[in-house]
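What follows is a set of notes on a single structure, which appears directly below.
Number of protein chains: 2
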Amino acid sequence: MRAATIRDGEVLVEEHPDPEPGVGQVLVGVRGAGLNGADMMQLRGRYPAPPGSSPDIPGLELAGVVEALGPQAVRFEVGDRVMGIAGGGGQAELAVVHERQLMRVPDAVEFPDAGGLPEVFTTAHDAIFTQGRLRPGERLLVQGAAGGVGTAAVQLALAAGAHVTASVRNPDLRGGVAKLGAHEVIDPEGFVDYGPFDVVLELVGAPNLGGDLKALAINGRIVVIGVAAGAKAELNLLALMGKRARIMASTLRARPLEEKAATARAMEREVLPFFERGDVRVPVAKTYALNDVASAYEHFAGGGKLGKILLTF
Amino acid sequence: MRAATIRDGEVLVEEHPDPEPGVGQVLVGVRGAGLNGADMMQLRGRYPAPPGSSPDIPGLELAGVVEALGPQAVRFEVGDRVMGIAGGGGQAELAVVHERQLMRVPDAVEFPDAGGLPEVFTTAHDAIFTQGRLRPGERLLVQGAAGGVGTAAVQLALAAGAHVTASVRNPDLRGGVAKLGAHEVIDPEGFVDYGPFDVVLELVGAPNLGGDLKALAINGRIVVIGVAAGAKAELNLLALMGKRARIMASTLRARPLEEKAATARAMEREVLPFFERGDVRVPVAKTYALNDVASAYEHFAGGGKLGKILLTF
Numbered sequence: 005m006r007a008a009t010i011r012d013g014e015v016l017v018e019e020h021p022d023p024e025p026g027v028g029q030v031l032v033g034v035r036g037a038g039l040n041g042a043d044m045m046q047l048r049g050r051y052p053a054p055p056g057s058s059p060d061i062p063g064l065e066l067a068g069v070v071e072a073l074g075p076q077a078v079r080f081e082v083g084d085r086v087m088g089i090a091g092g093g094g095q096a097e098l099a100v101v102h103e104r105q106l107m108r109v110p111d112a113v114e115f116p117d118a119g120g121l122p123e124v125f126t127t128a129h130d131a132i133f134t135q136g137r138l139r140p141g142e143r144l145l146v147q148g149a150a151g152g153v154g155t156a157a158v159q160l161a162l163a164a165g166a167h168v169t170a171s172v173r174n175p176d177l178r179g180g181v182a183k184l185g186a187h188e189v190i191d192p193e194g195f196v197d198y199g200p201f202d203v204v205l206e207l208v209g210a211p212n213l214g215g216d217l218k219a220l221a222i223n224g225r226i227v228v229i230g231v232a233a234g235a236k237a238e239l240n241l242l243a244l245m246g247k248r249a250r251i252m253a254s255t256l257r258a259r260p261l262e263e264k265a266a267t268a269r270a271m272e273r274e275v276l277p278f279f280e281r282g283d284v285r286v287p288v289a290k291t292y293a294l295n296d297v298a299s300a301y302e303h304f305a306g307g308g309k310l311g312k313i314l315l316t317f
Numbered sequence: 005m006r007a008a009t010i011r012d013g014e015v016l017v018e019e020h021p022d023p024e025p026g027v028g029q030v031l032v033g034v035r036g037a038g039l040n041g042a043d044m045m046q047l048r049g050r051y052p053a054p055p056g057s058s059p060d061i062p063g064l065e066l067a068g069v070v071e072a073l074g075p076q077a078v079r080f081e082v083g084d085r086v087m088g089i090a091g092g093g094g095q096a097e098l099a100v101v102h103e104r105q106l107m108r109v110p111d112a113v114e115f116p117d118a119g120g121l122p123e124v125f126t127t128a129h130d131a132i133f134t135q136g137r138l139r140p141g142e143r144l145l146v147q148g149a150a151g152g153v154g155t156a157a158v159q160l161a162l163a164a165g166a167h168v169t170a171s172v173r174n175p176d177l178r179g180g181v182a183k184l185g186a187h188e189v190i191d192p193e194g195f196v197d198y199g200p201f202d203v204v205l206e207l208v209g210a211p212n213l214g215g216d217l218k219a220l221a222i223n224g225r226i227v228v229i230g231v232a233a234g235a236k237a238e239l240n241l242l243a244l245m246g247k248r249a250r251i252m253a254s255t256l257r258a259r260p261l262e263e264k265a266a267t268a269r270a271m272e273r274e275v276l277p278f279f280e281r282g283d284v285r286v287p288v289a290k291t292y293a294l295n296d297v298a299s300a301y302e303h304f305a306g307g308g309k310l311g312k313i314l315l316t317f
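Going line by line, the protein sequences match chains A and B.
So in my numbering, spot 157 of the first sequence is number 161, and the numbers just go up one at a time.
So in my numbering, spot 63 of the second sequence is number 67, and the numbers just go up one at a time.
If you want it as structure tokens, here you go:
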């Protein structure tokens, strides 16, 4: 098979042996695979793939058609449309994924778009609902709402009946976020004035934390899953006590199989119905053929996009 | 009635009109009332009593005998032994408390000791179980374990099957904490080496936070409810993400009636059975008669004690 391959800090296309599905695994003929920040970090040598994943084929998420089943794999049949998060190796013509990490692709979602769904929607759902416990009628601030996770979070929170304020640094991207339905799309300067918020999804990092806490409602939750703008924050514990608040932080990739599988089940219950009904969609910035993988990575690294960058096969 | 009374930065005994129980309230003939840090702050003018509480009679907790019932009060009968947290006014011969904030005193607990039970055990239970979700078999670090909340937390966590490490700055108090059954009683210097901990109960403040995070297990929780040593902390958000951890902070006193009542129900279910069985007790440093209230406050302010300082009536 052909696959995106990391060689000496560059990404190119190479031939690899076809993978074979092991116990409980499914061989997927990939039709779409999204790019993510972790791929960029892996390219720069700063985020090696976890044990058990291909060390040189990037790709945390994919969608495609079931080509074959490993022993004891019972959830799907050959020909089923599936998608999911993988430890790596998703940006290839073929990928093996444990069946407990796969979900059926909703009828309303096409290839290759489905390949850009799992990572950002699972991350957003886990952060704002499983961690942050956002409730209908509550107020959510998404800090850095134009990225993949941000646009997913805005849509999911709206579909779940929350009031959504979206901060977007790049003025060119604010219109696109507004089209997703956010109640307010704001410049990050002065975001505190738009509070109080029950949940803040922090995708930017430490420079926001003081303001996040000021803008937080009593019993509020700050969920940190991105720190591109810096990781070292000052925190006033007395203010945190006064708000009876909590700061939670997480990553998906490092979790063990059973926890990742649990996020897939939560997606099936709580997110995929929104896609079936057409309430939520995968925003796609651009799709590239595998042969143009270098351009796809360049586009991703350049920023300034709204929505996912996808590879198609 | 006679009551401890704050006048111009001093605490003395004054006559006050007898309080009358309103709708849903109970008039309690107080037999024991504990001193707490909030009383000291109120004495220094830094922590005014919340609306609806006596502005000049301190006392957040009390135990005694039901003297009379207000309209629609149905949970208790005259003569019942009761205890609970009040917004203030507990250090008096008579106090009115809403019946939903009162609990029956376990048979195994005497007066005046019961008057020192509600505040610290409710605070400790809420922090380590309701907030921190400590589970049997998990490892708890109590930072500042010799105080009222600390000794309560050590006992409750042991009774619930956790492994307990207790840090105590004052060497003279370590033996007393060890007698409560803590698995390790340690000097705060070097506490990081005793990790990883699933839950850290932080009763000291900001200087510990960096170490708390270093010593935390994956999926760990830091619960901050005391900041006497400082409130401004540095927080590495990337480290928090790597641990998939959370920092939560809280106070009891500012919560609305229904939340305080919920903590009393949680105490009845999850804490009072330990007292009935004799697994847990109220550590008492010293009991003072109401006439000696000034000495009681002086003793509390001086520190260096293990367990509660109580007033008796």
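Glycine residues also receive a C-beta, built at the ideal position from the N, C-alpha and C atoms.
Query: Runs of beta strand (DSSP E) wholly within the region 129-190 of chain B (minimum 3 residues, chain order); Result: 143-147, 167-171, 188-190
Query: First through last residue of the beta strand (DSSP E) which encompasses R250 of chain B; Result: 250-253
Query: Pair within 8 Å by beta-carbon distance, A37 of chain B and E19 of chain B; Result: no
Query: Closest Cα partner of R6 of chain B within the set B:F304, B:G119, B:G311, B:D296; Result: B:D296
Query: Given 8 Å, three or more beta-carbon pairs between the region 120-133 of chain B and the region 151-159 of chain B; Result: yes
Query: Straight-line Cα distance separating F80 of chain B from G120 of chain B; Result: 21 Å
Query: Neighbour-count burial assignment, P140 of chain B, 16 or more Cβ in a 10 Å radius; Result: exposed
Query: Top-ranked residue by Cα proximity to A170 of chain A, from A:L145, A:K183, A:G56; Result: A:L145
Query: Classification of E193 of chain A by the beta-carbon crowding that lies within 10 angstroms, buried from 16 upward; Result: exposed
Query: Cβ-Cβ distance between D202 of chain B and G224 of chain B below 8 Å; Result: yes
Query: Among A:G306, A:I89, A:L314, nearest to A289 of chain A - alpha-carbon criterion; Result: A:L314
Query: The region 224-238 of chain A / the region 203-215 of chain A touching (three or more Cβ pairs under 8 Å); Result: yes
Query: 8 Å Cβ cut-off: residues of chain B touching K264 of chain A; Result: Per Cβ cutoff of 8 Å: no residues; K264 of chain A is ~12 Å from chain B at best.
Query: A112 of chain A and G308 of chain A closer than 8 Å at C-beta; Result: no
Query: Identity of the residues DSSP links to I226 of chain B by a beta bridge; Result: B:V204, B:I251
Query: In chain order, each alpha helix (DSSP H) run of at least 4 residues that lies wholly inside the region 71-138 of chain A; Result: 122-129
Query: A7 of chain A - containing beta strand (DSSP E), residue span; Result: 6-11
Query: Under 8 Å between C-beta atoms of V32 of chain B and V101 of chain B; Result: yes
Query: Residue-level contact to chain B via CB, E238 of chain A, 8 Å cutoff; Result: yes
Query: Per-residue burial, G13 of chain B [other beta carbons within 10 Å of its own, 16 or more giving buried]; Result: exposed
Query: Rounded C-alpha distance that separates L242 of chain B from G215 of chain A; Result: 18 Å
Query: Beta carbon proximity, S171 of chain B to chain A, threshold 8 Å; Result: no
Query: Residues that T231 of chain B contacts on chain A, provided the C-beta gap is smaller than 8 Å; Result: The sequence given here has Val at residue 231 of chain B, not Thr. Residues of chain A passing the Cβ test: L241, L242, M245.
Query: Proximity test, Cβ basis, 8 Å: A157 of chain A and chain B; Result: no
Query: Rounded separation between P54 of chain A and G91 of chain A - CA only; Result: 6 Å
Query: Straight-line Cα distance separating A166 of chain A from T9 of chain B; Result: 48 Å
Query: Local conformation of A232 of chain A per DSSP, three classes; Result: coil
Query: E65 of chain B - partner residues in DSSP beta bridges; Result: B:I89
Query: Contact with chain A by R48 of chain B, beta-carbon distance below 8 Å; Result: no
Query: With 16 other Cβ atoms within 10 Å as the buried cut-off, status of L261 of chain A; Result: exposed
Query: Whole-angstrom C-beta distance between K312 of chain B and A286 of chain B, which should lie under 8 Å; Result: The displayed chain sequence assigns Val, not Ala, to residue 286 of chain B. Contact holds; Cβ gap of about 6 Å.
Query: Residue from B:N174, B:D176, B:P200, B:A157 whose Cα sits closest to the Cα of G185 of chain B; Result: B:A157
Query: Beta-ladder partner(s) of G33 of chain A, from DSSP; Result: A:V69, A:L98
Query: Supposed close pair R104 of chain B, A253 of chain B - CB separation, criterion 8 Å; Result: About 25 Å; that fails the 8 Å criterion.
Query: Positions along the region 271-282 of chain B whose CB lies within less than 9 Å of some CB in chain A; Result: none
Query: Closest Cα partner of F317 of chain A within the set A:F278, A:A149, A:G68; Result: A:G68
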